[in-house]
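If you read the protein sequences in the order shown, they are chains A and B. Here the first sequence is numbered in the working numbering, starting from 233 and rising by one per residue. Here the second sequence is numbered in the working numbering, starting from 233 and rising by one per residue. Please read the structure below before turning to the comments.
There are 2 protein chains.
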Amino acid sequence: MRIGVLGTGMVGNAIGTALVRAGHRVMMGSRTRDNEKAVAWVAAAGAGALQGSYSDAAAFGELLFNCTAGGASHSVLVAAGRENLAGKVLVDVANPLDFSQGFPPSLAVCNTDSLGEQLQRAFPELRVVKALNTVNCNVMVNPSLLPGDHDLFICGNEPTAKEEVSRLLVEAFGWRRENLIDLGDITMARGTEMLLPIWVRLWAKLGTPNFNLHVVVGPPPAV
Amino acid sequence: MRIGVLGTGMVGNAIGTALVRAGHRVMMGSRTRDNEKAVAWVAAAGAGALQGSYSDAAAFGELLFNCTAGGASHSVLVAAGRENLAGKVLVDVANPLDFSQGFPPSLAVCNTDSLGEQLQRAFPELRVVKALNTVNCNVMVNPSLLPGDHDLFICGNEPTAKEEVSRLLVEAFGWRRENLIDLGDITMARGTEMLLPIWVRLWAKLGTPNFNLHVVVGPPPAV
Numbered sequence: 233m234r235i236g237v238l239g240t241g242m243v244g245n246a247i248g249t250a251l252v253r254a255g256h257r258v259m260m261g262s263r264t265r266d267n268e269k270a271v272a273w274v275a276a277a278g279a280g281a282l283q284g285s286y287s288d289a290a291a292f293g294e295l296l297f298n299c300t301a302g303g304a305s306h307s308v309l310v311a312a313g314r315e316n317l318a319g320k321v322l323v324d325v326a327n328p329l330d331f332s333q334g335f336p337p338s339l340a341v342c343n344t345d346s347l348g349e350q351l352q353r354a355f356p357e358l359r360v361v362k363a364l365n366t367v368n369c370n371v372m373v374n375p376s377l378l379p380g381d382h383d384l385f386i387c388g389n390e391p392t393a394k395e396e397v398s399r400l401l402v403e404a405f406g407w408r409r410e411n412l413i414d415l416g417d418i419t420m421a422r423g424t425e426m427l428l429p430i431w432v433r434l435w436a437k438l439g440t441p442n443f444n445l446h447v448v449v450g451p452p453p454a455v
Numbered sequence: 233m234r235i236g237v238l239g240t241g242m243v244g245n246a247i248g249t250a251l252v253r254a255g256h257r258v259m260m261g262s263r264t265r266d267n268e269k270a271v272a273w274v275a276a277a278g279a280g281a282l283q284g285s286y287s288d289a290a291a292f293g294e295l296l297f298n299c300t301a302g303g304a305s306h307s308v309l310v311a312a313g314r315e316n317l318a319g320k321v322l323v324d325v326a327n328p329l330d331f332s333q334g335f336p337p338s339l340a341v342c343n344t345d346s347l348g349e350q351l352q353r354a355f356p357e358l359r360v361v362k363a364l365n366t367v368n369c370n371v372m373v374n375p376s377l378l379p380g381d382h383d384l385f386i387c388g389n390e391p392t393a394k395e396e397v398s399r400l401l402v403e404a405f406g407w408r409r410e411n412l413i414d415l416g417d418i419t420m421a422r423g424t425e426m427l428l429p430i431w432v433r434l435w436a437k438l439g440t441p442n443f444n445l446h447v448v449v450g451p452p453p454a455v
């Protein structure tokens, strides 16, 4: 399918490359056309890789990935243009990390709201699916990098949008269907974004960003 | 050893019972002496189980467990009496859940502060170790209820206090040493308390509180 990837950082790069390899046509969008990083990505990713403005990429894609920094996501979607977003699924990979007080970051929004909810409210024409924001970009597109079972949390208001994203996660990125945990509607973006403080600390402690969480389930309690 | 358990709910009950079974003498503390639930617990738990006021339990214990609701923890420690807390390890099992807007709860404090930090600041005479707050009480005292590896996050300012608590977790509750993840100082209570929103949602989704997270680690990134 045609996919628009908003953002030229490590996350956009990894996701765009994996999608091209899986046979999709991908346009990487950035603030201006012919962005240096986007042009370099097109050259590296090969046939099927395109680049353009946020608006170009949003118009091109049948499905969109938000791979921008959380603090920039709203303005990027404004730049993408509401007419180019209408009815489309947006996979929101961003986290509202606030580095203004240094490391470790806090969250710019949490607890009773989330970035995922903010974007869904501000752009009701989008079908926002929060996913992939709880793992590093290496793991996002190559879950077999880690041994055994580990889980990806997804949420969003529309079951059909979540199913479309789940299929892509399985077919393009290699996630096992049984490791996708649908938490419910977009309000659960609070729960997944609030994993970031412990994620950041584990990253520092483990010395690698290549890790993930597995939900280990036992028997139901005796009545 | 002599251990004071503050709180008469399911958590205090489970922890107190497991500690008695492991051979410790345990006093369950509540707002008033001869609290009905504490008296019932003493009868059920058998030799080694005692009950009294918060102050009695704090004075009795060489080590203390905070098993009260997060919103009550500060006033419980005031009632316990600073003179009874001085120099002692407090295992802070509580979470700052706020049910004032119904279910699911939000957190009364998070992001740039936490209940664990608030208690450590308010009671500098205590050596607060945040632990066990990310699992249900069944799992706290019986980790083998769940299959395979799953992890417990602990944090606190004092390595010796964390080591004392870790030994108790291993010897009295059966946690594997390799499944205890020391995240660092008490500021990491933010990270573990912020797991609660997703924990609560997983509980509803899985239909059982008997689950936990396992950190699955892959190779370090290629340079």
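Ideal placement from N, C-alpha and C gives every residue a C-beta, glycine not left out.
Buried versus exposed call for residue i [16 or more other C-beta atoms within 10 Å across all chains shown]
i	result
R433 of chain B	buried
V367 of chain A	buried
G266 of chain A	Correcting the residue type first, residue 266 of chain A is Asp in the shown sequence and not Gly. The residue is exposed, with fewer than 16 neighbouring Cβ atoms inside 10 Å.
G278 of chain B	exposed
T392 of chain A	exposed
F292 of chain A	buried
S305 of chain A	buried
T249 of chain A	buried
A290 of chain B	buried
Per DSSP, cross-strand counterpart(s) of residue i
i	result
G284 of chain B	B:G261
S338 of chain A	A:D330
H256 of chain A	Per DSSP, none; premise fails for H256 of chain A.
N298 of chain B	B:L238 and B:D324
I413 of chain B	B:F385
H306 of chain A	Partner(s): none; H306 of chain A has no beta bridge.
N368 of chain B	Paired residues: none, contrary to the question.
F443 of chain B	A:V449
Endpoints, alpha helix (DSSP H) assigned at residue i
i	result
G248 of chain B	M242 to R253
R314 of chain B	R314 to L317
I418 of chain B	First-last for I418 of chain B: undefined, no H or E at that position.
P356 of chain B	Per DSSP, P356 of chain B belongs to no alpha helix (DSSP H) and is neither H nor E.
W273 of chain A	E268 to A277
Beta-carbon proximity of residue i to residue j, cut-off 8 Å
i	j	result
L428 of chain B	L364 of chain B	no
C387 of chain A	I418 of chain A	yes
G241 of chain A	H256 of chain A	no
E357 of chain B	L309 of chain B	no
L384 of chain A	I413 of chain A	yes
V371 of chain A	N442 of chain A	yes
A276 of chain B	C369 of chain B	no
K437 of chain A	L347 of chain B	no
L322 of chain B	V360 of chain B	yes
G313 of chain A	G284 of chain A	no
Straight-line Cα distance separating residue j from residue i
i	j	result
R234 of chain A	L282 of chain A	10 Å
G236 of chain B	K320 of chain B	11 Å
G303 of chain B	L351 of chain A	32 Å
K362 of chain B	D324 of chain B	5 Å
E396 of chain B	M259 of chain A	55 Å
E425 of chain A	V271 of chain B	43 Å
A301 of chain A	P337 of chain A	13 Å
A254 of chain A	W435 of chain A	29 Å
R399 of chain A	N411 of chain A	12 Å
F297 of chain A	T344 of chain B	29 Å
H446 of chain A	N374 of chain A	16 Å
M420 of chain A	F335 of chain B	13 Å
Extent of the continuous beta strand (DSSP E) run through residue i
i	result
K362 of chain B	R359 to K362
R234 of chain B	R234 to L238
V325 of chain B	Taken as a continuous stretch (DSSP letters only), V325 of chain B belongs to no beta strand (DSSP E), as it is neither H nor E.
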